[in-house]
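Chemist: So the sequences go chain by chain: A and B.
Read in order, the letters of the first sequence correspond to residues 1 to 202 in our numbering.
Read in order, the letters of the second sequence correspond to residues 1001 to 1229 in our numbering.
A virtual CB, placed ideally from N, CA and C, is assigned to each residue, including glycine.
Bear in mind that the values here come from a model prediction, so they are computed numbers and not experimental data.
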Amino acid sequence: MSPFVAQAQQLIAGTNSNGHLVGALPGWARPRAWMETETDCLVSLRALCMGQHLDARPVADSSVIEARAFVALLEERRGGPPLERFQLLTERYSYPLNITLEGEEDVREYLLMRLMVQDRARLLKRTVNEMDTDELLLKLSLVALHAALAADLRYLDALNYYYELLPTEWEPAGEHPWLLVSYLMLYAHALAAQIREERECV
Amino acid sequence: MRIGILSGSLPAALKIHSEVRAVPDCQAYILLCRAPDETRVRSLFKHAARFVLKKGRGRALRLLAGGCVHLFGHPLDDPRTLARLKRLQLDMGLHNLGAIYRDETIKAFRTGILNPHIGLLPRYRGRSVMEWSLLEGQPAGITLFFIDSGIDTGPRIVLREEVDISHCGSVESAKAYLFNLNAIFFRRGLELLRAEDFSFKLNDGSGRRYYVMSRLFQNVVEELIKAND
């Protein structure tokens, strides 16, 4: 078992009696400008899963391509090797919370659409390990970050849907099987955030 | 006006036919189509079985004899189907199929294809929209609009109306209730389109696209409906 999975288990075991994840979320905030960190996307995701704070700073001169152009690039690579799309996503979201930026709406909508239309249809016809599981789980993790910080329930429900759809005893065949734990942890955070918001409204 | 009812089921098409024939100057044809995942033989067998087993055989026979029922053995976007559709010189199609239309199929109808969508556009596009409306505390309703090749993005809305579903005790019955109103909405839409002062409302794309709902949220919506019943 990887140290990350063991840490995640410990964190879940520390869940309080109200079902809230202890120590999670405080380190998260929706950025207002494009941010960067010293760590890459995957390392940053693991830290966010643990509710840790990421040292990030605004990018002074951003060379990041516009959201719509990035979606076009992902579309262009649809027929290509899945690793390319995975790399495109990890490079763009080295600071993963950038996915929640207002200007990233086109990318978020695109990822949600891919998950709920094409990936879902593929998953209903085939076994999950026939798909590119790294890309699937990375998309779910990124969507989960937005679900935790935004009021749009469609993102949370995509996580609900995959929780119901994915096999319980599934071991991802990809290069980064721990991304399953990342998705589940971030989903738990998103649910906790939603429940907290509902309680505050009441 | 020559209308084509695009349907995968003869009894469902007959229901729409009997409603829209009341519209003046309206000549309605039933276009029995093949479901996308269906073989030609299976489609023929299904239509024949429904013809024998369901009510309305007499009417169906009269329509058949009058050349008002057309059976399409090939998929809708097949060139042979498109050629037949063009020969029929239809002004408008009425959507009653589980299909997404390509541009060529839509263009085979002079003014386009009307779709009774069970959600209020432009806000609710896509799947499970009745459930999403209720979850978000919004009214249920139906929007009759001319489709384009996108997902509920056709800009021309003919009729948009909230529908009271408070008497429905479940999600299933509420959806069935809304779907059953399709024939009435088609008739009302056709009547509106004949009016001199008619103008389209705009489906401006300002809404969101919704997707199939999880069982978790479906159960929440079920509880909401029961609480209102």
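Can you list, in chain order, the residues of its chain with a C-beta nearer than 6 Å to that of residue 1004 of chain B? Leave out the 5 residues immediately preceding and following it.
Modeler: Walking along the second sequence from the start, residue 1004 of chain B turns up at place 4. Cβ neighbours of residue 1004 of chain B beyond the five flanking positions: 1029, 1031, 1090 and 1093.
Chemist: To the nearest angstrom, report how far apart residue 1202 of chain B and residue 1156 of chain B are at their CA atoms.
Modeler: The residue you call residue 1202 of chain B lines up with position 202 of the second sequence. The residue you call residue 1156 of chain B lines up with position 156 of the second sequence. So the two alpha carbons sit approximately 6 Å from each other.
Chemist: Going by DSSP in three states, residue 1013 of chain B sits in which element: helix, strand or coil?
Modeler: The residue you call residue 1013 of chain B lines up with position 13 of the second sequence. Residue 1013 of chain B: helix per DSSP, three-state reduction.
Chemist: Count the other CB atoms within 10 Å of the CB of residue 108 of chain A; is the residue buried (16 or more) or exposed (fewer)?
Modeler: In the first sequence, the residue the question calls residue 108 of chain A occupies position 108. When all chains shown are included, residue 108 of chain A counts as buried.
Chemist: Which residues in chain B have a C-beta closer than 7 Å to the C-beta of residue 157 of chain A? List them in chain order.
Modeler: If you number the first sequence from 1, residue 157 of chain A lands on position 157. Under the 7 Å cutoff, chain B gives 1213, 1214 and 1217.
Chemist: Do we get a CB-CB distance below 8 Å when we pair residue 154 of chain A with the residues of chain B?
Modeler: What you label residue 154 of chain A is simply residue 154 of the first sequence in a count that begins at 1. Taking CB atoms only, residue 154 of chain A has a neighbour in chain B less than 8 Å away.
Chemist: Residue 201 of chain A: buried (16+ other C-beta within 10 angstroms of its C-beta) or exposed?
Modeler: Numbered from its first residue, the first sequence carries residue 201 of chain A at position 201. Counting Cβ neighbours within 10 Å, residue 201 of chain A comes out exposed, since fewer than 16 surround it.
Chemist: Taking C-beta to C-beta, are residue 94 of chain A and residue 141 of chain A nearer than 8 Å?
Modeler: Locating residue 94 of chain A in the first sequence gives position 94, where the first residue counts as 1. Locating residue 141 of chain A in the first sequence gives position 141, where the first residue counts as 1. Contact: no.
Chemist: Whole-angstrom Cβ separation of residue 176 of chain A and residue 148 of chain A, contact assumed at under 8 Å?
Modeler: Within the first sequence, numbered from 1, the residue matching residue 176 of chain A stands at position 176. Within the first sequence, numbered from 1, the residue matching residue 148 of chain A stands at position 148. In fact, because the Cβ distance is near 21 Å, the residues do not count as touching under 8 Å.
Chemist: Helix, strand or coil: how does DSSP classify residue 1201 of chain B here?
Modeler: Along the second sequence, read from residue 1 onward, the residue named residue 1201 of chain B stands at position 201. Strand, per DSSP.
Chemist: Give me the Cα-Cα distance between residue 1225 of chain B and residue 4 of chain A, rounded to the nearest whole angstrom.
Modeler: Walking along the second sequence from the start, residue 1225 of chain B turns up at place 225. Walking along the first sequence from the start, residue 4 of chain A turns up at place 4. Using only the alpha carbons, I get a separation of about 43 Å.
Chemist: Could you tell me the distance, in whole angstroms, from the CA atom of residue 1118 of chain B to the CA atom of residue 1007 of chain B?
Modeler: Indexing the second sequence from 1 puts residue 1118 of chain B at position 118. Indexing the second sequence from 1 puts residue 1007 of chain B at position 7. C-alpha separation (whole angstroms): 17 Å.
Chemist: Mapping DSSP to helix, strand and coil, what is residue 23 of chain A?
Modeler: Here the question's residue 23 of chain A lines up with position 23 in the first sequence. Below a pLDDT of 50, predicted positions are generally treated as unreliable, and residue 23 of chain A, at 44, falls in that range; no measurement from the model is reported.
Chemist: To which residues of the same chain is residue 110 of chain A closer than 6 Å at the C-beta, ignoring the five residues directly before and after it?
Modeler: Position 110 of the first sequence, counting from 1, holds the residue named residue 110 of chain A. Apart from the 5 residues on each side of it in sequence, residue 110 of chain A sits with its Cβ closer than 6 Å to the Cβ of 71 in its chain, given in chain order.
Chemist: Pull up the DSSP beta-bridge partners for residue 1030 of chain B, would you.
Modeler: Taking the second sequence and counting its residues from 1, one reaches residue 1030 of chain B at position 30. Per DSSP, B:1005 and B:1069.
Chemist: Put residue 78 of chain A into one of helix, strand or coil per three-state DSSP.
Modeler: Within the first sequence, numbered from 1, the residue matching residue 78 of chain A stands at position 78. Note: residue 78 of chain A maps to coil in three-state DSSP.
Chemist: Below 9 Å on C-beta distance, what does residue 160 of chain A contact in chain B?
Modeler: Working through the first sequence from its first residue, we reach residue 160 of chain A at position 160. Near residue 160 of chain A (Cβ distances below 9 Å), the residues of chain B are 1213, 1214, 1215, 1216 and 1217.
Chemist: Quick check: the Cα distance between residue 40 of chain A and residue 92 of chain A, rounded to an integer number of angstroms?
Modeler: Here residue 40 of chain A refers to the residue found at position 40 of the first sequence. Here residue 92 of chain A refers to the residue found at position 92 of the first sequence. The alpha-carbon atoms of residue 40 of chain A and residue 92 of chain A are separated by roughly 10 Å.
Chemist: Keeping to the same chain, check which residues put their C-beta closer than 8 Å to that of residue 1153 of chain B; ignore five residues upstream and five downstream.
Modeler: Numbered from 1 along the second sequence, position 153 holds the residue referred to as residue 1153 of chain B. Taken in chain order, the residues that qualify are 1125, 1203 and 1205.
Chemist: Considering Cα atoms alone, identify which of B:1170, B:1010, B:1122 and B:1164 is closest to residue 1181 of chain B.
Modeler: Within the second sequence, the letter at position 181 stands for residue 1181 of chain B. Answer by Cα proximity: B:1164.
Chemist: Strictly under 8 Å for the Cβ-Cβ distance: is residue 1135 of chain B near chain C by that measure?
Modeler: Absent from the structure: chain C. Protein chains present are A and B.
Chemist: DSSP puts residue 1092 of chain B in a beta bridge; with which residues?
Modeler: What you label residue 1092 of chain B is simply residue 92 of the second sequence in a count that begins at 1. In DSSP, residue 1092 of chain B forms a bridge with B:1003 and B:1112.
Chemist: By Cβ distance, which residues of its chain are closer than 8 Å to residue 104 of chain A, with the 5 residues on each side in sequence left out?
Modeler: On the first sequence, residue 104 of chain A is found 104 positions in, with the first residue counted as 1. Excluding residues within five positions, the ones whose Cβ falls inside 8 Å are 67 and 98.
Chemist: If contact means a Cβ-Cβ distance below 8 Å, which residues of the region 1198-1210 of chain B contact chain A?
Modeler: 1208, 1209 and 1210
Chemist: Going along the chain, which residues of the region 131-152 of chain A sit with their C-beta nearer than 9 Å to a C-beta in chain B?
Modeler: 152
Chemist: Where residue 203 of chain A and residue 126 of chain A are concerned, what is the direct C-alpha to C-alpha distance, given to the nearest angstrom?
Modeler: Missing from the structure shown is residue 203 of chain A; chain A here goes from 1 to 202 and no further.
Chemist: In chain order, what are the residue ranges of uninterrupted beta strand (DSSP E) at least 3 long that sit wholly in the region 1131-1208 of chain B?
Modeler: Restricting attention to beta strand (DSSP E) runs no shorter than 3 residues, the region 1131-1208 of chain B encloses them at 1141-1146 and 1156-1162, ordered along the chain.
Chemist: Residue 81 of chain A: buried (16+ other C-beta within 10 angstroms of its C-beta) or exposed?
Modeler: Taking the first residue of the first sequence as 1, we reach residue 81 of chain A at position 81. The residue in question, residue 81 of chain A, is exposed, as its Cβ has fewer than 16 Cβ neighbours within 10 Å.
Chemist: Please report the straight-line C-alpha distance between residue 128 of chain A and residue 145 of chain A, rounded to a whole angstrom.
Modeler: Start at 1 with the first residue of the first sequence, and residue 128 of chain A comes out as number 128. Start at 1 with the first residue of the first sequence, and residue 145 of chain A comes out as number 145. Straight-line Cα distance between these residues: approximately 23 Å.
Chemist: Closer than 8 Å between beta carbons: that is the criterion. Which residues of the region 160-174 of chain A meet it against chain B?
Modeler: Cβ contacts with chain B: 160, 161, 163 and 164.
Chemist: How would you write the range of the beta strand (DSSP E) that residue 1125 of chain B sits in, first residue to last?
Modeler: Working through the second sequence from its first residue, we reach residue 1125 of chain B at position 125. Where residue 1125 of chain B is concerned, the enclosing beta strand (DSSP E) stretches over 1124-1126.
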